[in-house]
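For reference, the structure is listed below as structure tokens.
Number of protein chains: 2
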Amino acid sequence: MDTPATRSQTAVSPQELHLMDRYWSAANYLSVGQIYLLDNPLLRQALAPVHIKPRLLGHWGTTPGLNFVYVHLNRIIRARDANVIYICGPGHGGPGMVANTWLEGTYSEIYPAVPQNEDGMRQLFRQFSFPGGIPSHAAAETPGSINEGGELGYSLVHAYGAVFDNPDLIAACVIGDGEAETGPLAASWHGNKFINPARDGAVLPILHLNGYKIANPTLLARCSDDDLNRLFSGYGYQPIFVAGDEPMPMHEKMAAALDKAFDIIQEIQKTARQGSAPQGVPHWPLILLRSPKGWTGPKEVDGKKTEGFWRAHQVPVAGCRDDDGHRQILAQWLQSYQPETLFDSDGRLRPELQQLAPEGNRRMGANPHANGGLLRRELIVPPIADYEVAIPRRGETQAQSTAVFGDYLRDVFTLNAERRHFRLFGPDETASNRLSSVFDATDRVWMEKIESFDESLSQEGRVMEVLSEHLCQGWLEGYLLTGRHGLFTCYEAFIHIVDSMFNQHAKWLKVARGLPWRKPVSSLNYLLSSHVWRQDHNGYSHQDPGFLDLVANKKADIVRIYLPPDANTLLWVGDHCLNTFDRINVIVAGKQPAPQWLTREEAAAHCKAGLGIWPWAGNENGSDGPDVVMACAGDVPTMETLAAVDLLRQALPSLIIRVVNVVDLLGLQSKQQHPHGHTDAFFDDIFTPDRPVIFAYHGYPYLIHRLTYKRQNHANFHVRGFMEEGTTTTPFDMTVLNEVDRFHLAIEAIERVPGLHQTPAAAAALALFRRKLDEHYHYVRAHGDDLPEVRDWRWQARS
Amino acid sequence: MDTPATRSQTAVSPQELHLMDRYWSAANYLSVGQIYLLDNPLLRQALAPVHIKPRLLGHWGTTPGLNFVYVHLNRIIRARDANVIYICGPGHGGPGMVANTWLEGTYSEIYPAVPQNEDGMRQLFRQFSFPGGIPSHAAAETPGSINEGGELGYSLVHAYGAVFDNPDLIAACVIGDGEAETGPLAASWHGNKFINPARDGAVLPILHLNGYKIANPTLLARCSDDDLNRLFSGYGYQPIFVAGDEPMPMHEKMAAALDKAFDIIQEIQKTARQGSAPQGVPHWPLILLRSPKGWTGPKEVDGKKTEGFWRAHQVPVAGCRDDDGHRQILAQWLQSYQPETLFDSDGRLRPELQQLAPEGNRRMGANPHANGGLLRRELIVPPIADYEVAIPRRGETQAQSTAVFGDYLRDVFTLNAERRHFRLFGPDETASNRLSSVFDATDRVWMEKIESFDESLSQEGRVMEVLSEHLCQGWLEGYLLTGRHGLFTCYEAFIHIVDSMFNQHAKWLKVARGLPWRKPVSSLNYLLSSHVWRQDHNGYSHQDPGFLDLVANKKADIVRIYLPPDANTLLWVGDHCLNTFDRINVIVAGKQPAPQWLTREEAAAHCKAGLGIWPWAGNENGSDGPDVVMACAGDVPTMETLAAVDLLRQALPSLIIRVVNVVDLLGLQSKQQHPHGHTDAFFDDIFTPDRPVIFAYHGYPYLIHRLTYKRQNHANFHVRGFMEEGTTTTPFDMTVLNEVDRFHLAIEAIERVPGLHQTPAAAAALALFRRKLDEHYHYVRAHGDDLPEVRDWRWQARS
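Chains A and B, in that order, give the protein sequences. Residue numbering for the first sequence follows the numbering used here, starting at 9 and increasing by one per position. Residue numbering for the second sequence follows the numbering used here, starting at 9 and increasing by one per position.
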């Protein structure tokens, strides 16, 4: 067992450490200034109420620790010409990141309105957490950031995502001890088991144990060093402890710890890159930094312990505008950094301190990996024609959509093997979702022991499987934000596990798109399979199509929802999504053998339009418009709709039916609501202005109403979808339980066409369909399988 | 450092171990039978295709391990008269739980249609994963279960929730090594830091390392024993290893391990209960069980490794109906358990094996803690009149809703101190959400070191704070399902973190409500504060009201959404929710000082109705109905609506306005859609059949459309809500950015009343309101605060 290294020596001179301490003071001064000051940035005048912001918003507690790490990373970057990004995990770490990027010059280069002088400093202070200004997190607005730290828990998983296939990059990841209590963070430690030192970069986690959250101690900070050492060495790391509260000894320890950590990283990488594959998971370094919360801030305020306690979390001394005593504490606190020794009379950092920052793109605020669009290369994709499913007889051919798409993905891996910028992510479901073809081109990455009987595992694999949707999502986010490409395939129901991560990524993209200096990154693509209608064998817990509702809440220009009804449409959609950027694309497609409808050319035209009439399925030829529109979205609802049309056309040949299929769901909205939206005129052309529309939808039916309620014909939309009726049963029984099966659809079509159900033919048809439902009910319970006529149904094309 | 204990001796006799092995065989036989057999349960005939299910659904891999644990727990329960529930974490563990509860008799007591004889065995086999039958998980249908294991990751957190305040209970929790990769499970290990051995029961985690997931090895199973020992002793446990594949030595080891684990638990509890408070977190035992996946199943199928590999995960030999060779493998496999030695000729378990099961409520399938409604006692609540906010002048009084409710909660703690059946759960936000009054009655529970300067921490606290929404949710679920009461308070945006857990709990409740033997449990209550409109200081990442959309997708009889507009309504709603059962209640309420509208009596009447006209706010007296309806739901939208009404009544005294407030959101639907729904006639009475309705809503506006699209007046509903426009700014600016502020509302009211905007007075009003928006824009950016007239606005009651 490794023993903690707390007393290592450093080669950094006392002079340099002293300069670093002053640099740290400068960053701390600027952080306090951001939280408090509206004006008087250099304290040229005595601090007066008018200099204090009217609403004091911000978080001091975590900041001095973040600044401490920043100045030390600056030192080692310069000493080793290292390529480092800074992932700032703790909540509200914004002031520190902003202060440091301003000190190193990147902030002013990106935001010229905030120059490196007194005016700039005033603006820097004023804009923070101020209307029209910047947020209190290391958000998209913050140079050098790929992790906001607004919602906590994702710093470490982002860090791992960033270094996959980035052999020269080191992601230094500061993890707050609050954040470390979250589930996603607790699982993220296992990221070390997916890093191949020969081809990937390194993550240096720095667990910042400052002891407190908003109003509580943290669990890990109150663990003994011995317990922490066991815990993290059990996770496979080499813990290095840095603990204390006296600045100069702490500088010495931190410099030594970083030297040691970088030495270990270098050694692991050197060995692996000289051709000796690691035996198992290398023991990467991990720094455990114990320093006081609100370090260097007021020790006490109003007689209450502040530094080193949770009272330092936010604004430690809150009454500075109205309370002279509080303002006095603030003034002393600011003066304690001796700003006149840090900044020249113009407000510029003094030259001897300036030289402590790295230069050019080595500055962490300027590192292009944190603005991944700068580095992004196009994904090479094969022509989808190569995978086309031939349709000799429409609706008779059976294929597994995701399996066909799997062949395409296999070749994406092959074509991009040299570029090393594409990975597939999924919770142990790549094979289950029928994408196994990819294993002809690559393996699952696996750094632990590989047994002789294992299959498709290797240290070089590019398929990332771990039973954590959080890790899949977070790794992919980190991978995309650093300029690469990827796809997350997941069971539909369990994508809800990352609802909140999806939300945060959508928010990040919305903000990033408004920042010209942030270059576009590849879209985050989901392929949701094993969907609600074909989880009949796994039962109710596995049946939930609600992710689409969440997605539809987001800004229209960020999100797309695709429901390809067959393999050729999935090919078109999947290929399209992989070539987009700055979006979140959600594709839902089945993995089971299912009828195929469209040729490649038809699929392309249909998907480009987003929705349209399938003339071959209806019987409108020459008629004056349909009696009823049978609409569908999703592969199973499409099949049931066409089966219903079959039944109706057989029973009621004179009923004029139009079939409409929707692939691009948000296109149901108007152009004002969504970029893919359609005009009212087009919508009425497709859905008619006044005929009944029986709409079989993949998910919760309300979403269709929500998307179409402004349309003229909305009152005639009768939507069927998932009604939370699910269990372990047969595939067809699932549709019957939710009344989205062919018989219910056909019955509703007859009932909704005015006057129709009173005709003898229609009455007979209704009786037949109801009898069939009854027959189904008894058959399925007796035989455990669907009626043969349902199971073996094939589309009877007769236009 | 503790060393692994793998060679302990057990006092269990070889004879008893041999009987246990046979009992295990019986459970395994029944498990295989469930997966495969439609008939011929005792193999009286040679196995024929007709005996095999047409669709083979089920998961063998995890089952023998689960059965192994079950028989050993039976043994120790009998030996020590222990009170144990079995939490079955691994996915698809249903066959094992069902088999064991049938063997012990509970299954047939609950389901008399499945008796303990040959017919019952046939039915037991047939119903599994069969239409009209039971699911493949340890679902609500499964006796003794409180954790489905459908979506993975929540077993351990449920186990901890179950034992809080249950001093005699031991929750034996089997955790799959797949499940153990999830974030929630990784965080759940910290549950040990919240168990007070003097008053809580114990969790015995049994990490089942069978090595594989669906198609992959597991991360933890490929870790060395040494790493696992460090990891889990770092988490604070005493690991006990049980590893092997030879049944008899494994029985011996497992019996010894359980003896040791129960000894440790007994010792910890004895010490604590004799009055010596633990110093820090006791080192509770943890069993690490390494056994082959698919243990005792086919070693190979078609020449491919099956036992001890992921191919054993689901149905190891799949072609049994059509392939004679496969069927032969199955027959041999079934025969290998020697069923004739296990069951008598009637299909009953042989008497010498029957006596291995515990009796009565000690049987794990019958333990009342796993059917918590049996043990549930009423929560004692104080009269809400005691907390009433007096309203001397309507809209002038300011109060913090959650702070008032906090006083009520404080007294709930006091009143139920003896019953020990109420806890408050939250991610470090109890104080932030202004519920600090509870700390006058209780503390946060804290088992790690407590410093002299800590506040409101103690080993006896009943407020559960940890920075993990997953743990809060899971603990509360476990606490409720075992018959107690609780409330989860959370920042609104971050409740999305547990979307999927919410879904699964709603599904559990839906199923449980259909099972007469499951007695009602207390509702799961959420109090979401720090909501979207008052996260102005924390910015965009903290702004998301979308949880309500997710909730509205669930079955109507399970969910309720409440948006109390002030403190007296929150009191009524909160009190109401705490007294309901088998539901999920979501309350969204602000924590900031805000105007108060209703007296206690008015609040009660208004909340009971769910929605209604506020006559004092409008000016309809004697009129022929309003020109416009100003509707609102949520505290901030209500305030902005009333401010808009103020503006309108001042500018356009002749405009007849009705104000409608909605508290019980789902009541907007019809009675057919929701039990709290209203008739069309009532709806039209409130919202009019034909006047414009300007609806200011707390969340995404689409939800209101979705709830009301069937209403006659729907086309006149103009809903404003959160449009994903958020940032760090002032409270009022947040409403302006999303156009749900008083000025936008007043402008839309004027524009929507036919002909109105052409009148000179209306034109002047429009110009004024637009000027005010402009003024706001400049003021807020100049001063960092809202216009004084907005900030200091008070309702001008003038009816």
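Even for Gly, the Cβ is constructed at its ideal location relative to N, Cα and C.
Beta-bridge pairing of Ile702 (chain A) - partner residues as DSSP gives them: If you number the first sequence from 1, residue 702 (chain A) lands on position 694. Ile702 (chain A) pairs with A:Met638 and A:His726.
If you draw a straight line from the C-alpha of Leu217 (chain A) to the C-alpha of Glu348 (chain A), how long is it? Within the first sequence, residue 217 (chain A) is the residue found at index 209, counting from 1. Within the first sequence, residue 348 (chain A) is the residue found at index 340, counting from 1. Those two C-alpha atoms are separated by around 32 Å.
Counting Cβ pairs closer than 8 Å, one from the segment 721-741 of chain B and one from the segment 693-701 of chain B, do we hit at least three? yes
I want to see whether chain B comes within less than 8 Å of Ile388 (chain A), judged by CB atoms only; does it? Counting from 1 along the first sequence, the entry for residue 388 (chain A) is found at position 380. So no, Ile388 (chain A) is outside the interface.
Assign Asn533 (chain B) to one of three DSSP states: helix, strand, or coil. The sequence position of residue 533 (chain B) within the second sequence is 525, counting from 1. If DSSP states are grouped into helix, strand and coil, Asn533 (chain B) belongs with the strands.
Under 8 Å between C-beta atoms, does Asn218 (chain B) make it to chain A? Here residue 218 (chain B) is taken as the residue at index 210 of the second sequence, counted from 1. No, Asn218 (chain B) does not count as interfacial toward chain A.
Cutting at 8 Å between CB atoms, please list the residues of its own chain near Glu396 (chain A), excluding the five before and the five after it. Your numbering for residue 396 (chain A) matches position 388 in the first sequence. Only Asn576, Leu579, Thr607 and Arg608 meet the Cβ criterion.
Have a look at the DSSP bridge pairing and note the partners of Asp462 (chain A). Taking the first residue of the first sequence as position 1, residue 462 (chain A) is located at position 454. None, per the DSSP bridge assignment.
Would you mind reading off the limits of the alpha helix (DSSP H) that contains Pro22 (chain A)? If you number the first sequence from 1, residue 22 (chain A) lands on position 14. Pro22 to Tyr44 is the span of the alpha helix (DSSP H), which, as asked, contains Pro22 (chain A).
Residue from A:Gly792, A:Gln804, A:Cys181 and A:Thr438 with nearest C-alpha to Lys61 (chain B): Counting from one through the second sequence, the residue named residue 61 (chain B) turns up at place 53. Minimum Cα distance to Lys61 (chain B) is reached at A:Gly792.
Beta-carbon separation of Leu655 (chain B) and Phe777 (chain B) under 8 Å? Position 647 of the second sequence, counted from the first residue, corresponds to residue 655 (chain B). Position 769 of the second sequence, counted from the first residue, corresponds to residue 777 (chain B). Their beta carbons are under 8 Å apart, which means Leu655 (chain B) touches Phe777 (chain B) by this criterion.
Distance between Gly104 (chain A) and Asn75 (chain A) (C-alpha atoms, nearest Å): Here residue 75 (chain A) is taken as the residue at index 67 of the first sequence, counted from 1. Here residue 104 (chain A) is taken as the residue at index 96 of the first sequence, counted from 1. Asn75 (chain A) and Gly104 (chain A) have their C-alpha atoms spaced approximately 6 Å apart.
In the DSSP assignment, what are the bridge partners of Tyr499 (chain B)? Residue 499 (chain B) sits at position 491 when you count from the first residue of the second sequence. In DSSP, Tyr499 (chain B) forms a bridge with B:Ser537.
Interfacial residues, the segment 732-750 of chain A to chain B, with Cβ spacing under 7 Å: Glu732, Thr735, Thr736, Thr737, Thr738 and Asp741
Determine, using beta carbons only, whether Leu228 (chain B) and Leu297 (chain B) come nearer to each other than 8 Å. To locate residue 228 (chain B), count along the second sequence from 1; it is residue 220. To locate residue 297 (chain B), count along the second sequence from 1; it is residue 289. No, Cβ-Cβ distance for Leu228 (chain B) and Leu297 (chain B) is not below 8 Å.
Taking Cβ-Cβ distances shorter than 8 Å, what residues in chain A pair up with Arg557 (chain B)? Position 549 of the second sequence, counting from 1, holds the residue named residue 557 (chain B). The sequence given here has Asp at residue 557 (chain B), not Arg. Near Asp557 (chain B) (Cβ distances below 8 Å), the residues of chain A are Asp557, Leu558 and Asn561.
With distances taken from CA atoms, which of A:Ile295, A:Asp332 and A:Trp292 is nearest Val309 (chain A)? As a first step, residue 309 (chain A) is located in the first sequence; it is residue number 301 there, counting from the start. Nearest C-alpha to Val309 (chain A): A:Asp332.
Can you say whether Ala34 (chain B) is buried or exposed, counting buried as having 16 or more other CB atoms within 10 angstroms of its CB? As a working note, residue 34 (chain B) is residue 26 in the second sequence. By the neighbour-count rule (16 or more Cβ atoms within 10 Å), Ala34 (chain B) is buried.
Check whether the Cβ atoms of Ala223 (chain B) and Asp436 (chain A) sit closer than 8 Å, and answer yes or no. Residue numbering aside, residue 223 (chain B) sits at position 215 when the second sequence is read from its first letter. Residue numbering aside, residue 436 (chain A) sits at position 428 when the first sequence is read from its first letter. It is a contact, given that the beta carbons lie within the stated cut-off.
In the structure shown, what three-state DSSP assignment does Lys312 (chain B) receive? Stepping through the second sequence from its first residue, residue 312 (chain B) is reached at position 304. DSSP places Lys312 (chain B) in strand when its eight states are reduced to three.
What separation, rounded to the nearest whole angstrom, lies between the Cα atoms of Trp68 (chain A) and Ala326 (chain A)? In the first sequence, the residue the question calls residue 68 (chain A) occupies position 60. In the first sequence, the residue the question calls residue 326 (chain A) occupies position 318. Rounded to whole angstroms, Trp68 (chain A) to Ala326 (chain A) spans 12 Å at the Cα level.
The segment 697-717 of chain B: which residues have C-beta closer than 7 Å to a C-beta of chain A, in chain order? Against chain A - using a Cβ distance shorter than 7 Å - the residues of the segment 697-717 of chain B are Tyr708, Tyr710, His713, Arg714 and Tyr717.
Closest by CA to Ser537 (chain B), which one among B:Ser163, B:His550, B:Pro225 and B:His722? On the second sequence, residue 537 (chain B) is found 529 positions in, with the first residue counted as 1. Of the listed residues, the one whose Cα sits closest to Ser537 (chain B) is B:His550.
Using a Cβ cut-off of 7 Å, pull out every chain B residue sitting near Val40 (chain A), in sequence order please. The residue given as residue 40 (chain A) occupies position 32 in the first sequence. Simply none; closest approach about 17 Å.
Flag Pro192 (chain B) as yes if its beta-carbon sits less than 8 Å from any beta-carbon of chain A, otherwise no. The count along the second sequence starts at 1 and reaches residue 192 (chain B) at position 184. Under the 8 Å criterion on CB atoms, Pro192 (chain B) is classed as interfacial with respect to chain A.
With a cut-off of 8 Å, does the C-beta of Leu160 (chain A) fall near any C-beta of chain B? Counting from one through the first sequence, the residue named residue 160 (chain A) turns up at place 152. Yes, Leu160 (chain A) lies at the interface with chain B (some Cβ there is under 8 Å from its Cβ).
Could you pull the start and end residues of the beta strand (DSSP E) that Met472 (chain A) belongs to? Your numbering for residue 472 (chain A) matches position 464 in the first sequence. Taken as a continuous stretch (DSSP letters only), the beta strand (DSSP E) holding Met472 (chain A) covers Val471 to Glu473.
Report the residue from A:Ser232, A:Leu556, A:Gly469 and A:Leu619 whose alpha carbon sits nearest the alpha carbon of Pro709 (chain A). Start at 1 with the first residue of the first sequence, and residue 709 (chain A) comes out as number 701. The residue with the shortest Cα to Cα distance from Pro709 (chain A) is A:Leu556.
Please list, in chain order, the residues of the segment 432-453 of chain B that have any C-beta partner in chain A closer than 8 Å. Going along the segment 432-453 of chain B in chain order, one finds Asp436, Glu437, Thr438, Ala439, Ser440 and Arg452 with a Cβ nearer than 8 Å to chain A.
Would Ser530 (chain A) and Ala378 (chain A) be called neighbours here (beta carbons separated by less than 8 Å)? Within the first sequence, residue 530 (chain A) is the residue found at index 522, counting from 1. Within the first sequence, residue 378 (chain A) is the residue found at index 370, counting from 1. The answer is no: Cβ separation not under 8 Å.
For His429 (chain B), which option in B:Gly414, B:Gly161 and B:Leu484 has the closest C-alpha, if you only look at C-alpha atoms? Your numbering for residue 429 (chain B) matches position 421 in the second sequence. The residue with the shortest Cα to Cα distance from His429 (chain B) is B:Leu484.
Host beta strand (DSSP E) of Gln246 (chain A) (start-end): Along the first sequence, read from residue 1 onward, the residue named residue 246 (chain A) stands at position 238. Counting along the chain, the beta strand (DSSP E) containing Gln246 (chain A) begins and ends at Gln246 to Ala251.
Residue burial classification, Pro247 (chain A) (beta-carbon count within 10 angstroms, cutoff 16): If you number the first sequence from 1, residue 247 (chain A) lands on position 239. Classification for Pro247 (chain A): buried.
For Pro293 (chain A) versus Tyr245 (chain A), is the C-beta distance shorter than 8 Å? As a working note, residue 293 (chain A) is residue 285 in the first sequence. As a working note, residue 245 (chain A) is residue 237 in the first sequence. Yes; because the gap between Cβ atoms is below 8 Å, this pair is in contact.
Do Ser144 (chain B) and Asn441 (chain A) count as a contact pair if the criterion is CB distance below 8 Å? As a working mapping, residue 441 (chain A) is identified with position 433 in the first sequence. As a working mapping, residue 144 (chain B) is identified with position 136 in the second sequence. Contact: no.
Who are the near neighbours of Val289 (chain B) in its chain, counting only those whose CB is closer than 7 Å to its CB and skipping five residues on each side? On the second sequence, residue 289 (chain B) is found 281 positions in, with the first residue counted as 1. Closer than 7 Å at the Cβ level, and outside the excluded window around Val289 (chain B), lie Asn200, Lys201, Gly244, Met455 and Glu456.
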